[in-house]
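Numbering (our numbering), first residue to last: 14 to 429.
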Amino acid sequence: MTAEPPTIALRARWVFPVNAPPIDGGVVVVRGDRIIAVGSHDGSTPVRDLGNVAILPGLVNAHTHLEFSDLAAPLGTRGMPLPEWIRLVVNHRRAAAASGDTSEHASIAIAQGLAESARAGTALVGEISTSDWRRECFTDSGVASVVFHESIAPTTDRVAQTIEAAQHFLAASPVERDCLPGLSPHAPYTVHPRLLRALVALGQDFQVPLAMHLAESREELELLNNGTGPFRESLERLGAWDPSAEARLPRVLDYLEQLSAAPRALAVHGNYLDDAELRFLAEHSGRMSLVYCPRTHDFFGHEPYRLAERLAAGVHVALGTDSRASNPDLNLLAEMQFVAARHPNVPLSTVLELGTINGAKALGREDDYGTLAVGKLARLTVVGIPDQQASDPHELLLGTPVRVTQTWIGTTSIES
């Protein structure tokens, strides 16, 4: 006979299902690796009271670059132009390559980032992969992932080789529940339109999502609109500038239209999307998401992010930390607290959705992640909250300096 999986019942001062109102004194019951009850309890299993804490679903970081997780502080200085910062990123990668095995270096940094993410209550990440790494970094971490293979080819002579590498990545990636593949055409200034079309077609063939950095900076828009500016100068220095009209699409909207043919698409950053582009994202919100990286946006001193307006228009927005190259840490709860402070016109319940169910939907994993609901994977985040009253319990979670104290993977607890 097969043994019954273990069952636990956890009580908290507040339970935040996300897809339902917060529950005062709620209980979450887990059997094996699945949630079997939320809110009430029939008494069949002894209840473990966790005390003055909140239980919420495991957090979802929809966009990160874990290869930089060994950095103690962001690269460069606050407010620096993005093209200058990218030069620092390139130099950092070259230094890592010069120091030895790039695969080993990347794997160590990624493992550090996944461990940090797990301690901070993150259950699922959308990772941009730019180098070889050991797959077990992800499968052994306790953090599920969608790993987007990054593709760069600004000129036609590199397109065929880059497509071949993307095909190999997809063909060599086994379908595993906790580590799924995706593709990432990097950005308009590094991706030839021919490559973008091929990656979208591969996404269709393999039924995987695509993620692309779009409308991240004014310098990017200058390149697309006029073919001038710092990004052109950078490409010229690298010998990667193609002056032909076919090398770039003229508008961010053109890139969004291409991406809309993918099974699922994430437009990352979108700091300078115009009204037409926001309308397009809203019209395609079932399969297209905008990923806002709040503290990275702040690090570069971009123009104010029109979050409330985007949400009101129907754009599907998720949150990402980006990386330690532009962010002090990988703490998604801190990211949500930052959003709550910077965007007081956005309801706190919505802010919680951005870092949970919205991220899960963006990555195509909403059946297992993002809410506390019967049948979903039991990935629970426990947050210590202040011993005080609040008219809205979300204020205890997002309006005060609280931290993750514990996570649960099935019936196993991990102290943070």
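Heads up, the beta-carbon is just placed ideally off N, CA and C, and yes, glycines get one too.
Nearest neighbour of residue i, chosen from the options [CA to CA]
i              : options                        : result
glycine 195    : Ala184, Leu248, Tyr202         : Ala184
proline 206    : Glu270, Ala354, Lys389         : Glu270
arginine 323   : Glu17, Arg308, Thr363          : Thr363
arginine 337   : Gly56, Ser298, Gly126          : Gly126
glycine 377    : Val102, Glu17, Ala16, Val159   : Val159
alanine 177    : Leu212, Gly155, Glu316         : It should be pointed out that residue 177 corresponds to glutamate in this sequence rather than to alanine. It is Leu212 whose Cα lies nearest to the Cα of glutamate 177.
tyrosine 268   : Leu237, Ser247, Ala33, Ala131  : Leu237
arginine 261   : Leu84, Asp55, Arg210, Ala347   : Arg210
alanine 403    : Thr413, Val395, Thr394, Arg24  : Thr413
arginine 319   : Ala275, Asp335, His356, Leu332 : His356
arginine 26    : Arg61, Asp55, Asp46            : Arg61
threonine 334  : Phe351, Glu290, His118, Ala214 : Phe351
proline 307    : Leu346, Asp288, Glu290         : Leu346
glycine 64     : Val396, Ser197, Glu80, Leu208  : Val396
glycine 216    : Leu193, Asp288, Thr169         : Leu193
aspartate 46   : Leu208, Thr175, Ser57, Leu393  : Leu393
serine 230     : Gly383, Thr309, Ala289, Asp153 : Thr309
histidine 54   : Arg24, Leu361, Glu80           : Arg24
isoleucine 422 : Ala353, Asp170, Leu72          : Leu72
glutamine 180  : Ala214, Glu189, Phe29, Thr169  : Ala214
Residue i to residue j span [Cα, whole Å]
i                 : j              : result
threonine 369     : asparagine 74  : 8 Å
leucine 88        : alanine 109    : 14 Å
tryptophan 254    : proline 263    : 16 Å
arginine 91       : aspartate 311  : 8 Å
glutamate 259     : proline 222    : 25 Å
phenylalanine 219 : alanine 173    : 18 Å
histidine 199     : proline 19     : 44 Å
asparagine 340    : alanine 16     : 46 Å
arginine 245      : proline 94     : 14 Å
leucine 101       : proline 70     : 36 Å
arginine 106      : proline 201    : 21 Å
proline 276       : alanine 224    : 11 Å
glutamate 232     : tyrosine 305   : 19 Å
alanine 326       : asparagine 371 : 15 Å
leucine 248       : proline 167    : 9 Å
lysine 389        : aspartate 380  : 7 Å
phenylalanine 182 : leucine 208    : 15 Å
aspartate 191     : glycine 383    : 15 Å
alanine 111       : leucine 84     : 17 Å
histidine 226     : glutamate 290  : 14 Å
alanine 86        : glycine 56     : 49 Å
alanine 391       : aspartate 405  : 25 Å
proline 317       : aspartate 288  : 15 Å
threonine 175     : alanine 50     : 47 Å
Beta-carbon proximity list for residue i, same chain, < 6 Å, skipping 5 on both sides
i              : result
glutamate 129  : Leu343
glycine 52     : Ile36, Gly39
isoleucine 427 : Thr420
histidine 315  : Asn284
serine 82      : Ala122, Gln125, Gly126, Arg337
histidine 329  : Ser298, Ser302
tryptophan 98  : Gly89
histidine 118  : Ala109
lysine 374     : none
arginine 132   : Ser429
serine 154     : Leu127
Within 8 Å, strictly: CB atoms of residue i and residue j
i              : j                 : result
valine 43      : threonine 424     : yes
glutamate 163  : threonine 135     : no
methionine 349 : leucine 251       : no
histidine 78   : leucine 279       : no
alanine 295    : valine 265        : no
alanine 321    : valine 359        : yes
proline 96     : proline 243       : yes
valine 387     : isoleucine 141    : no
valine 5       : leucine 286       : Because the chain here runs from 14 to 429, residue 5 falls outside it and cannot be looked at.
valine 204     : isoleucine 165    : yes
alanine 33     : proline 59        : no
serine 197     : phenylalanine 151 : no
leucine 332    : histidine 407     : no
Same chain, Cβ closer than 8 Å to residue i, five either side skipped, listed in chain order
i           : result
serine 273  : Phe293, His297, Arg300, Met301
leucine 409 : Trp27, Ala67, Ile398, Pro399, Gln401, Ala403, Val415
proline 256 : Gly240
alanine 353 : Val359, Leu361, Val364, Leu411, Gly412
Close-in-space but distant-in-sequence residues of the same chain around residue i (CB under 7 Å, 5 per side omitted)
i             : result
glutamate 366 : Val31
glutamate 235 : Thr241, Gly242
valine 1      : Outside the shown range of the chain, which is 14 to 429, sits residue 1, and nothing can be said about it.
glutamate 80  : Ala119, Ala122, Ile123, Thr143, Ser144
Test: residue i CB closer than 8 Å to a CB of chain D
i            : result
glutamate 97 : The chain labelled as chain D is not found in the depicted structure, where only one protein chain is given.
Uninterrupted alpha helix (DSSP H) stretches inside the segment 176-235 (no shorter than 4 residues): 206-219
Whole runs of the beta strand (DSSP E) within the segment 316-357, excluding any shorter than 3 residues: Listed in chain order, they are 330-332.
4 or more residues per run - each alpha helix (DSSP H) lying fully within the segment 364-405: Correct list: 370-375.
Contiguous alpha helix (DSSP H) assignments of at least 4 residues, all confined to the segment 74-116: 95-111
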